[in-house]
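A.B. asks: Before I ask anything, let me first share the structure, which is written out below as structure tokens.
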């Protein structure tokens, strides 16, 4: 996701460069100080996972800082922002294993890369999965270690640590809800779909990163409430857009097959609404095809036809617009710093209308 630079606003490209520099130096240090020759393989695959990411969580963390203070964010903020990206790498590596996804951002997922490195073995696939679990665990641990590289004052640690713990717990519970709901043919449950959206994306990707940067800058309770009022509906819009792209998007743009979510049987609002609105024959077709690991392109086209015919696609598009507008209204009349306000508005527009 990109945003244009406006005078007075943060430069997203500069933020990404600084965060990438922190990550690069950290991984270099881990590789060069380790006595284990295998560390080079792990850092190589982890760099591949980090390459090409949107860096939206670090960007929002830094924007949270500048929403409260006009000064350029110090290096400590960049380290906290970069730690979010390492945690995200952990989450993606494990998510691809759970979803049995062979690609990520148009490239082989971590467990497929690691399997290919051991292609001479009869158990290469299993070894790739197990090695990727370990790589994800390593990224999780390093996300903590990166926080300790700068010396955060004790007062800042007291406010940062509860937010980080909440972010991690909410993300893992959101993943559990997603796994529990996938590949089931129960009655559609929009309430569960909304809970998954809130915990897997709205809080994890938008609210908590913004809050982390803001508390580092000494945010007031009112400023934190404003950021939450902006972040939660925008996070929902972002995930709803992602769900649409997962079924109707262009794989050349998204780097993701339009079959994966349907084969996995993801409990998205898109599918929940379609099942809720479908007639008997349509519902029978959806239940037979969604969650089929062998779903082919013809079957996916049949699902898409029903998603359009029931009005589910249009309803989700409207929900994206409504939540993006709600996020923008939350910024009206607030006392956030002007540069951050500009960027937050740009992010809201881009996140809700993206095609990748």
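Residue numbers (this note's numbering): 711 to 1066. Where a beta carbon is used, it is the ideal one built from N, C-alpha and C, also for glycine. Just so you know, these numbers come straight off a predicted model, no measurement behind them.
#1: Residues in the same chain with beta-carbon distance under 6 Å from residue 913, minus the five sequence neighbours each way, listed in chain order, please.
#2: Per DSSP, residue 1048 forms a beta bridge with which residues?
#3: Out of 826, 848, 829 and 786, which one is the CA nearest neighbour of residue 802?
#4: Thinking just about the alpha-carbon of each residue, which of 798, 788 and 811 is nearest to the one in residue 968?
#5: Using only the alpha-carbon positions, how far apart do residue 989 and residue 1024 sit?
#6: CA-CA distance, residue 1002 and residue 1011?
#7: Where residue 1066 and residue 766 are concerned, what is the direct C-alpha to C-alpha distance, given to the nearest angstrom?
#8: So what does residue 814 bridge to, in DSSP terms?
#9: Determine whether the beta carbon atoms of residue 799 and residue 759 lie at a separation below 8 Å.
#10: Give the straight-line distance between the Cα atoms of residue 786 and residue 1019, rounded to the nearest whole angstrom.
#11: By the 10 Å Cβ neighbour count, where 16 or more other Cβ atoms means buried, how is residue 826 classified, buried or exposed?
#12: In the DSSP assignment, the alpha helix (DSSP H) including residue 733 goes from what residue to what residue?
#13: So what's residue 851 in DSSP terms, helix, strand or just coil?
#14: Hey, out of 887, 924, 761 and 927, whose CA is closest to residue 1067's CA?
#15: Residue 855: which of 966, 841, 736 and 885 sits nearest, CA to CA?
#16: For the ligand ATP, I want to know if residue 1061 counts as a neighbour, meaning its beta carbon is within less than 7 Å of at least one of the ligand's heavy atoms.
#17: Can you list the alpha helix (DSSP H) stretches of 4 or more residues lying completely in the region 739–783, in chain order?
#18: Under a Cβ-count criterion, where at least 16 other Cβ atoms within 10 Å of its own Cβ denotes burial, should residue 830 be classed as buried or exposed?
#19: Rounded to whole angstroms, what's the CA-CA distance from residue 794 to residue 1007? Just pull it up for me.
#20: Does the structure place the region 812–826 close enough to the region 835–842 that three or more beta carbon pairs sit under 8 Å?
#21: Using a Cβ-Cβ cut-off of 7 Å (strictly less than) and excluding sequence neighbours within five positions of residue 1041, which residues of its own chain qualify?
#22: Mapping DSSP to helix, strand and coil, what is residue 950?
#23: Within 10 angstroms of its Cβ, does residue 890 collect 16 or more other Cβ (buried), or is it exposed?
#24: Would you identify the three-state DSSP class for residue 964, choosing helix, strand or coil?
C.D. replies: With the structure as the only source:
#1: Residue 913 sits at position 203 when you count from the first residue of the chain shown. Cβ neighbours of residue 913 beyond the five flanking positions: 880.
#2: Residue numbering aside, residue 1048 sits at position 338 when the chain shown is read from its first letter. In the DSSP output, where bridge partners are listed per residue, residue 1048 has none listed.
#3: As a first step, residue 802 must be located in the chain shown, where it is residue number 92. Among 826, 848, 829 and 786, the Cα nearest to that of residue 802 is on 848.
#4: Position 258 of the chain shown, counting from 1, holds the residue named residue 968. Check the Cα spacing between residue 968 and each of 798, 788 and 811: the tightest is with 811.
#5: Here residue 989 corresponds to residue number 279 of the chain shown, with the count starting at 1. Here residue 1024 corresponds to residue number 314 of the chain shown, with the count starting at 1. Near 17 Å, if we compare the C-alpha coordinates of residue 1024 and residue 989.
#6: Mapped onto the chain shown, residue 1002 falls at position 292. Mapped onto the chain shown, residue 1011 falls at position 301. Their backbone Cα atoms lie some 14 Å apart in a straight line.
#7: Start at 1 with the first residue of the chain shown, and residue 1066 comes out as number 356. Start at 1 with the first residue of the chain shown, and residue 766 comes out as number 56. The straight-line gap from Cα to Cα measures roughly 13 Å.
#8: Numbered from its first residue, the chain shown carries residue 814 at position 104. Note: residue 814 sits in a beta bridge opposite 817.
#9: In the chain shown, residue 799 corresponds to position 89, counting from 1. In the chain shown, residue 759 corresponds to position 49, counting from 1. Against a cut-off of 8 Å, the Cβ pair of residue 759 and residue 799 comes out as a contact.
#10: As a working note, residue 786 is residue 76 in the chain shown. As a working note, residue 1019 is residue 309 in the chain shown. The C-alpha of residue 1019 is placed about 51 Å away from the C-alpha of residue 786.
#11: As a position in the chain shown, residue 826 is number 116, starting the count at 1. Residue 826 sits exposed, since fewer than 16 C-beta atoms from the chains shown fall within 10 Å of its C-beta.
#12: Numbered from its first residue, the chain shown carries residue 733 at position 23. 722–743 is the extent of the alpha helix (DSSP H) around residue 733.
#13: In the chain shown, counting from the first residue as 1, residue 851 sits at position 141. Assigned with DSSP and collapsed to three states, residue 851 falls in helix.
#14: What the structure shows of the chain is the stretch from 711 to 1066, and residue 1067 is not part of that stretch, so it cannot be assessed.
#15: Walking along the chain shown from the start, residue 855 turns up at place 145. Comparing alpha carbon positions, the residue from 966, 841, 736 and 885 closest to residue 855 is 736.
#16: With respect to the ligand ATP, the structure shown offers nothing to examine, as it has no ligands at all.
#17: As summarised for the region 739–783, the continuous alpha helix (DSSP H) elements at least 4 residues long and confined to that stretch are 749–760 and 766–778, given in chain order.
#18: Mapped onto the chain shown, residue 830 falls at position 120. Result: exposed.
#19: Sequence index remark: in the chain shown, residue 794 carries index 84 (1-based). Sequence index remark: in the chain shown, residue 1007 carries index 297 (1-based). Between the alpha carbons of residue 794 and residue 1007 lies a distance of about 36 Å.
#20: The region 835–842, when compared against the region 812–826, does touch it at the 8 Å Cβ threshold.
#21: Your numbering for residue 1041 matches position 331 in the chain shown. Within the same chain, residue 1041 has close Cβ partners 940, 1051, 1054 and 1055.
#22: As a first step, residue 950 must be located in the chain shown, where it is residue number 240. The DSSP-derived three-state label of residue 950 is helix.
#23: Locating residue 890 in the chain shown gives position 180, where the first residue counts as 1. Residue 890 sits exposed, since fewer than 16 C-beta atoms from the chains shown fall within 10 Å of its C-beta.
#24: Looking up residue 964 in the chain shown gives position 254. In this structure, DSSP gives residue 964 a helical state, which the three-state scheme calls helix.
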